[in-house]
Amino acid sequence: MADYGENGDTNTSTVEDVKVSSIRSAIDAKLHEEGVYQQIRELILHKAATKPTSEKENIAANGETFDGNELEAIDVEEKTEDHLIQEVMQSELVQQVLVAVRGMTKDKSAGETDAQQDLDESEEQPNANPVLYVRLAGGRAFVDQIAVDADLEDHTPVPITSRQIGQVQDFFRVIVSFDGQRLSSQDVRCSVDPPFDEHFRLRVQKKRQRTGRTKRGGLYEVDVVSPWEALCLVDEPLQILLIKVRKRLLQVPSGSTPIWQEVTRDLVATHRLDWRRVLCSTLQLVHLPVQLVNKMKVPVGTLDVRLDLLNFKRTAATAHDVSAFLNKEAMERNTLNHAFYRHAKEWWDEYRSEAKAVEEHFDRENRLSDMRLVRAQQRQRLVKLFAEDDDGRFRMVCKFLTTLRVPRAIRSPSEAARFVSLIPFESSVMVGSGADEAWRSLSTILAVGKGDVHDHAVLLASLLLGCGLVAYVCIGTISTKKRASRLTFAAPTRSQAVISSSGDEEGHVWVMTRGESHTSREELMFWESLTGERFKVDEKPSRHGFVSIDCIFSMTHFYANLQPRGLKMSEISFTFEDETSWKALGHRLIADLPYSQPTTTLSPPNLSAILPQEDEWTTALRRYITSQRRSCGLITKWSDDLSFFLLPALNSYEMERLYGVTQLENELFQQSIKRFVPEGCTFQGVPIRFHNVSLSGAIETLEENEMVQQILSIQGRGAQFGLGVRCFAYPENRFAIWVMLAVSYQSN
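The sequence shown begins at 122 in my numbering and counts up one residue at a time.
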């Protein structure tokens, strides 16, 4: 029996040794296949190279003493080696390997069938589209928030109570944009180490064909066979936006989340991350810390970002091929950028020479007896080839445009113009004097919800291109009075110019469309992006206000005006193919430039919010008007009939803004009002337009409106008041709200 027991133990031990050996062999093969051994060697070399040069410094850094004898020297060496091993073991590479090994060991011990099933699940699924997985695991070192954290020494969130209603707090929000997709994080209270915890999944559309050029410049397309190359051709970066949202606390319902009202949104920083770097690694989750800097290039904090590509198996061979592809692509892009810069410099010198010759000839012909011509000749031409983007990179202006088509949000050019006009204007001002002329990306404009005049023009032109129109962005001048009135429409508190000028005209940016005929002026149309207005080119200057045009560009073409600056807008030729009137920049070089404008998406109009907002405004404004009249000793009698009869007029006002149709159903509106107002009574009403204004801001506007105050002070017998409120929804939670206050009273 004893011999039997010993043999049984021996057999059991042998079986366990075989299992352990099998598991070790499988792990070793897996590590070799994934190139983990090589990565660990590189990690050790990197850690060894960056350790303190003196062991004394290393020990001193740990708070220990050093005498200099041989025994302690040996101890120092051992401590240094232990410290190096500890750093390597705590690295993310080794930790992920250990996690993978534990999972592999568990599966191996569970049986061969389960292991094979897990292997099949981890392999690439040909029918499944790759998905970019983005893990946002917090932020750190946002030093601007140190003063905020000083109020919370224990860093514990303070419960929100009803006593805090009306208070304002700041929150961080991260918005991720990629391949026409936009995802937003939950708002996190501003702090030094904001506790973001988000998981984003973004689809990646493989490119099936690769475009190239022949030696003669012709385009050709080649089918892409390799899966990794099809992914590498998706060169759009992952755009990460950090914005600061200021909110006001409105309500604290019991047993529910607090209700906040968004007050402002400001851009903190942007970052473009090449997601293809994840293909260069065999790790399951690639750690890519994102260092954010503001527009002054000052670091503001770091986001902990980790990436993975689902439904695609990455190997060491694939990582090597992708690294070689990206290196080659970077060299080709540098070559294209340098070639374009040399061409642009030569083109600019030629343009200045030709423009000078044109002006001299014009001076001799006209002798400049008109003071308007004298001022025009003294003005510098506003020809802009490059603009700074969100990341501080200077890009060719054509690369800011893209074809933006969002059928669920924008379904006509008129809707596009109206939507862009609802985005508030904000002149970008830098610290000190002068304006910040950085041009924002489309995603940034939509995320922040405001922009400068060139941001509005770029967004509108991109939407018009998506509607199938031939759209251009124009840079020129506008009369000072017209510009001031349009800035008042877009932002009542702002009136700062985009491009500083003097005299009767100032720099401006707008949009132009033209038809198929290159010579017909009937199809030429100017679009004012700040107001949504449209003008024929040959209309009276007093209507559109545009004085001159210096350059014009689309996605692939750039033209600079060679015609004399003294010409009126109606005298300027818009035949861009005429080399004596316009100087073109090489369109082939423009098309080959990298870093195009990424496309994005728009959220559809929020139709469900229309009725609640109309009810809220109606109740609040009636309460305000009744209270104001009561304070003056007056009684207010409301008429629901009169309030209803006002609604068609408000609908007509919005249709005029949207489609340019005036007096829509005006006769029917007048008939209903005449039937309501008794004989011998007077009807008086005033319509007011609101957009980008809160309810409190609307009340302030009513208090400052003289006609409204005049109606509120009416003391006529039998006075009946009516209040009509119409809300019109547009994409990105933009609303145009019309309010009409009217009264019917007996005349003296």
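We put the CB at the ideal spot given by N, CA and C, even for glycine. The structure displayed is predicted, hence computed values, not measured ones.
- For R310, the closest C-alpha among the options V297, L354, K365, V346 is that of K365.
- With a threshold of 16 other beta carbon atoms within 10 Å, P374 falls short and is exposed.
- For M828, the secondary structure class from DSSP, reduced to helix, strand or coil, is helix.
- Between Y774 and W859, the CB-CB gap stays under 9 Å.
- Between L409 and V389 a beta carbon distance of about 19 Å is seen, past the 8 Å cut, so the two are scored as non-contacting.
- Around the beta carbon of L431, fewer than 16 other beta carbons sit within 10 angstroms, so the residue counts as exposed.
- Its Cα nearest to that of V443, the residue L352 stands out among L352, H639, R256.
- Shown here, P733 sits in a helix according to DSSP, grouped into three states.
- Just so you know, the alpha carbons of S650 and V541 end up roughly 6 Å apart.
- Here V419 is exposed, its C-beta having fewer than 16 other C-beta atoms within 10 Å.
- A Cβ-Cβ separation of about 7 Å places P719 in contact with S298 under the 8 Å criterion.
- Pairwise C-beta distances place the stretch 839–852 in contact with the stretch 764–774, as three or more of them are shorter than 8 Å.
- In this model, G707 and V289 are separated by some 52 Å (Cα to Cα).
- Taking all protein chains shown into account, L166 has fewer than 16 neighbouring C-beta atoms within 10 Å of its C-beta and is therefore exposed.
- By the 16-neighbour rule on beta-carbons within 10 angstroms, Y851 is buried.
- Per DSSP, reduced to three states, the secondary structure at R514 is coil, with no helix or strand assignment.
- Ranked by Cα distance from T282, the options Q841, A476, L370, A445 are led by L370.
- CA-to-CA, the gap between M417 and G513 works out to about 9 Å.
- Counting the other Cβ atoms within 10 Å of the Cβ of C595 gives 16 or more, which makes it buried.
- Non-local C-beta neighbours of Q266 in its own chain, meaning closer than 6 Å and more than five positions away in sequence, comprise C311, S312, V313, ordered along the chain.
- Residue burial annotation: K704 is buried, with at least 16 other C-beta atoms found within 10 angstroms of its C-beta.
- Counting of Cβ neighbours within 10 angstroms places V407 among the buried residues, the total reaching 16 or more.
- The beta carbon of T385 lies closer than 6 Å to those of R367 in the same chain, with the five residues before and after it left out.
- In this structure, the beta-carbon distance from G572 to L584 does not fall below 9 Å.
- Leaving aside the five residues that flank R561 on each side, the residues in its chain whose CB is nearer than 7 Å to its CB run, in chain order, D511, G572, D576.
- Under the 10 Å beta carbon count, M452 is surrounded by fewer than 16 other beta carbons and is classified as exposed.
- A contact between stretches requires three or more CB pairs, one per stretch, nearer than 8 Å, and the stretch 425–441 meets this requirement with the stretch 254–261.
- When DSSP states are grouped into helix, strand and coil, I544 belongs to the coil group.
- Check the Cα spacing between I544 and each of I161, A857, V414: the tightest is with A857.
- Residue range 574–587 is occupied by the alpha helix (DSSP H) that includes G587.
- Put simply, the backbone Cα of D344 is about 42 Å away from that of V574.
- At the C-beta level, E475 and R686 stay beyond 9 Å of one another.
- Contact between Q867 and G818 does not hold, since their C-beta atoms are separated by about 34 Å, which reaches or exceeds 8 Å.
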